[in-house]
Every structure is written in structure tokens, then in C-alpha cells.
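Just below is one structure, and these are the notes that go with it.
Protein chains in written order, with our numbering: chain A, 319 to 573; chain B, 2 to 222.
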């Protein structure tokens with residue numbers, strides 16, 4: 319197996335605050351990894367760096383063989399926009415607050431990027447979008463605007479929108495945290511179906527522990543910008559080694 | 002002369018006023034978008050030039066700007082006819098105020114929209130025109146409505162560089178007839194009717210922009 323993502327001694331600071339501290343992390347192609355931990359521990363930052371929404375200061379990062387820093391790269395990202403564009407073509411992201419485009423219908427939200435970025439023909443993009451909408455169970459909403467949908471429906475559209483770009487790596491940043499409790503299930507259902515896709519690499523930041531246990535190949539526990547403990551979900555949840563992990567799990571499972 | 006006879010010269014003046022106002026609103030809007038977008042640029046030279054332009058024209062009186070373009074500029078060999086000068090000056094002023102409206106509306110689009118666009122790999126230009134602008138333009142409309150009416154009222158000053166607009170005609174008429182009450186009442190009514198027309202146009206554009214787009218309700222979801 320080959321690593322599709324490789325962080326080597328990555329350090330990320332926001333001013334004086336160190337968010338990732340000499341961070342090392344590898345993900346295999348097709349692997350489903352859940353990142354858990356207290357807020358501010360750096361797990362969302364890992365996703366945001368991978369999506370090139372945040373630069374990092376030190377260390378090396380590679381995705382699908384592409385380094386995030388170019389040898390003569392300039393600017394905050396130490397890479398040209400063209401190079402970042404190439405990296406991003408491998409990655410998709412699902413956000414906590416969905417971030418659909420409010421002025422576009424559901425269908426247009428999904429086909430806009432394939433047409434404008436991948437130069438796909440409109441009918442081809444729409445055929446693919448129709449497939450994706452059927453998959454997330456929202457084909458009947460294709461002509462609606464995001465404001466006419468529930469949060470759970472918006473998030474399912476957002477997942478379809480990310481998939482329309484055919485990413486090799488899909489990042490989920492607390493996809494159910496902004497949802498009413500009764501809407502969480504429908505979104506987790508879609509992610510669960512996706513997790514069965516062999517080639518798709520998934521990184522999921524979540525507080526849904528039962529779900530993490532069910533879908534992931536590996537769980538990583540973050541604290542203070544490092545991975546304190548990681549392993550297979552069975553062992554991780556039933557018999558964690560580190561006291562800090564145990565403390566966190568008992569605090570979250572008892573609430 | 003009865004008040005009916007005042008109408009012919011006043012209408013002639015009103016025509017000039019409408020032409021100057023419409024032309025400078027259209028040109029001013031184009032300038033407003035150019036300068037407003039330039040202000041949000043990450044290139045310091047581009048945003049710097051826009052900043053200087055905006056500050057200069059917002060920070061000086063229109064009357065002095067008109068005199069400067071009409072009397073001072075010819076001294077260095079550049080001169081335009083009065084109407085062109087009037088339209089140019091008013092456009093620059095409206096553009097400077099409008100630029101702040103454009104900039105404000107662009108900055109008001111949530112950062113999360115930028116992140117979503119970046120995650121989908123849209124180019125910066127595409128993100129500006131297809132993701133940000135459609136959301137921002139709707140929010141600009143009420144402010145642009147105010148600017149349009151302000152622009153119309155400002156056109157009265159061009160009478161001072163010998164343009165025969167509504168105010169100029171009113172002055173001449175009063176000088177001949179000495180009937181201040183009637184002449185200026187008719188002039189006020191004239192400006193008011195043009196202003197109503199302008200507000201109506203802006204409102205129609207705003208409604209057209211909002212129509213179909215159920216997204217105006219997204220704030221409540």
C-alpha cells in the first residue's frame with residue numbers, strides 16, 4: 319500500500335499559538351480515518367491545510383505525490399496558485415456549515431464546478447449530478463434553492479457537490495455538528511455508504527463516536543497539536559492506552 | 002407669462018438634467034465596480050490607486066471639483082465641453098462613493114463562501130464574478146438607489162459651469178419673470194418627479210435580481 323497523504327514534521331502556527339507541533343501523519347490510499355479530540359487540538363487544521371485553506375510554516379506535506387511547498391515557491395503558501403490548483407484537484411471537502419452557494423439551485427451547485435473547472439459538458443455534468451442526487455436521496459429537490467432545504471438536506475447536497483469533482487481524498491470537517499439531532503442520521507447514512515467505496519480516501523473530524531467506531535479503519539486522538547494515540551476503532555474505544563485518551567473518551571461518552 | 006409658459010424652458014432643462022444624471026450614474030457605477038473590486042485586491046499597488054481615488058473624490062466638494070475640471074484643467078491644455086465635464090465629474094464622484102458600497106458588499110459575503118469555492122477549485126476570477134458578485138449585488142441595490150438620487154440632486158451644480166440644465170433654466174426664467182414662487186415650485190416638482198423615476202428604476206432592477214432567487218430568505222433558515 320502507498321501513502322496518499324504524508325505529513326512530515328509539519329508545524330503550523332497562528333501568531334504565537336502553535337496549532338500543529340512537529341506533526342507526523344500518514345494515510346494510505348482508500349483508508350478511512352477519523353480524527354477526534356478536544357476543540358483546538360488541531361484536527362480541523364489538518365483538514366484545512368490539506369484543502370490549502372491554511373498555509374503551514376515548517377515541515378513537509380505530500381498528497382498523491384505532490385509536495386505542498388514548491389522549491390522556489392513564494393507567498394504564504396510557498397507555492398504558485400497553479401500548483402495549489404493541481405493539488406486541490408485531488409481533494410474535496412465537506413464543511414460543518416455546508417457552505418452551499420445560496421444563489422444557485424441544488425443542481426447548479428453541483429454542476430457549476432465540473433463545468434467551469436473540469437470543462438465538462440453541461441449534459442454530462444447534469445447526468446452525473448442526477449446520479450449523485452439519487453445517491454443522497456434528493457433528486458426531487460434538484461430545482462430548489464439551499465434556503466428551501468433542511469440542514470441535513472443541505473449537507474447531503476454539499477457531499478454530492480464535493481463528489482462531483484471526483485476527488486481521491488474527501489475531507490469531512492464536523493459534518494453533523496451544525497445539525498439538529500434528528501437530522502444527523504440522514505447525513506451519517508450517506509457518509510456510511512461512501513465509506514464502502516474502496517478507492518476513496520476519507521478523513522473525518524467528528525464527535526460522533528459510535529459512528530467513528532463503525533466506519534473507520536483507524537481512529538486518531540488529537541491533543542495539543544499532536545496525535546496522542548491511534549489505532550483500530552475496536553481496540554481504541556474499548557481499551558485505550560493513554561490516560562489522556564481515557565479521560566477524553568469518558569468525558570465525551572458520559573455527556 | 003403664465004406658469005404654463007414656464008414649462009417649455011423647464012422641460013428643456015429637465016432633459017439635460019436627465020441626460021447628465023443617467024450618463025453619470027451609468028459611468029459612475031462602472032467606476033464604482035472597478036474601484037470597489039480594486040480595493041479588495043491583494044496587490045497593494047492596485048488597491049492603493051483605488052484608495053487614493055476614492056479618498057480624493059469623497060474628500061472634496063463637488064462644486065470645487067467641477068470648477069477644477071472646467072477652469073483649471075484647460076490651463077494645462079486639457080479641456081472638454083461643459084456637458085462632458087459635468088458628466089465626467091459627477092461620474093467620478095458617484096464612482097468614489099459607489100466603490101465603498103461595492104467593497105462593503107463584497108466583504109459582507111461570508112468567508113465560508115470563499116472556502117467552498119476554493120475547495121471546488123474555482124479560479125479567483127470565477128469566484129469573484131460567479132460566487133461573490135451575484136450575492137453582493139443584491140445587497141448593493143438599496144445603497145446604489147440612494148447614490149442615484151444623490152447624483153440627480155448634485156447635477157444642479159453643473160448650472161454653475163454654464164450648462165442649461167433644469168436649475169439653470171429656472172434661474173434664467175426667474176431673472177426674466179421675477180416670479181420666484183412659481184418657478185422654483187415647478188423646479189422642485191420637476192426634480193422630484195425625476196427622482197421618483199430613478200427610484201422606480203433601481204427598485205425594478207433590485208426586484209429582478211431578487212426574483213427567483215429564494216436565497217434572500219437564507220438568512221432565516
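In this text, a Cβ means the ideal position worked out from N, Cα and C, and glycines have one as well.
Within chain B, the residues whose beta carbon sits less than 7 Å from that of residue 411 (chain A) are 120, listed in sequence order. Judged by DSSP in its simplified three-state form, residue 396 (chain A) adopts coil rather than helix or strand.
Taking C-beta separations shorter than 6 Å and ignoring five residues to either side along the sequence, residue 135 (chain B) has no partners in its chain.
Residue 365 (chain A) is classed as buried because its beta carbon has at least 16 other beta carbons within 10 Å across all chains shown.
The distance from the Cβ of residue 477 (chain A) to that of residue 412 (chain A) is about 5 Å, consistent with a contact at the 8 Å cut-off. Residue burial annotation: residue 350 (chain A) is buried, with at least 16 other C-beta atoms found within 10 angstroms of its C-beta. Taking CB atoms only, residue 395 (chain A) has no neighbour in chain B less than 8 Å away. Taking 8 Å as the cut-off, the beta carbon of residue 505 (chain A) is found closer than this to the beta carbon of residue 474 (chain A). At a beta-carbon threshold of 7 Å, the residues of chain A lying near residue 113 (chain B) are 413, 415, 417, ordered along the chain. DSSP, reduced to helix, strand and coil, places residue 435 (chain A) outside both helices and strands of the structure shown, so it counts as coil.
Close partners of residue 123 (chain B) in chain A (Cβ separation under 7 Å): 431, 434, 435. With respect to chain B, the C-beta atom of residue 421 (chain A) has a partner C-beta closer than 8 Å.
With a threshold of 16 other beta carbon atoms within 10 Å, residue 92 (chain B) meets it and is buried. Per the C-alpha coordinates, the member of B:73, B:98, B:74, B:172 positioned closest to residue 57 (chain B) is B:98. Here residue 80 (chain B) is exposed, its C-beta having fewer than 16 other C-beta atoms within 10 Å. In the structure shown, residue 342 (chain A) falls within a strand segment according to DSSP collapsed to helix, strand and coil. Among the CB atoms of chain B, one or more fall inside 8 Å of the CB of residue 483 (chain A). One finds 119, 120, 122 in chain B with Cβ atoms closer than 8 Å to the Cβ of residue 406 (chain A), taken in chain order.
Flagged as an interface residue toward chain B: residue 371 (chain A), by a C-beta distance shorter than 8 Å.
Going by DSSP, residue 442 (chain A) is part of the alpha helix (DSSP H) stretching over 440-453. Within the same chain, 540, 541 come within 6 Å of residue 359 (chain A) by CB-CB distance, once the 5 residues on both sides are set aside. Around residue 200 (chain B), the same chain offers 146, 150 as residues with beta carbons nearer than 7 Å, after the five sequence neighbours per side are excluded.
With respect to chain A, the C-beta atom of residue 83 (chain B) has no partner C-beta closer than 8 Å.
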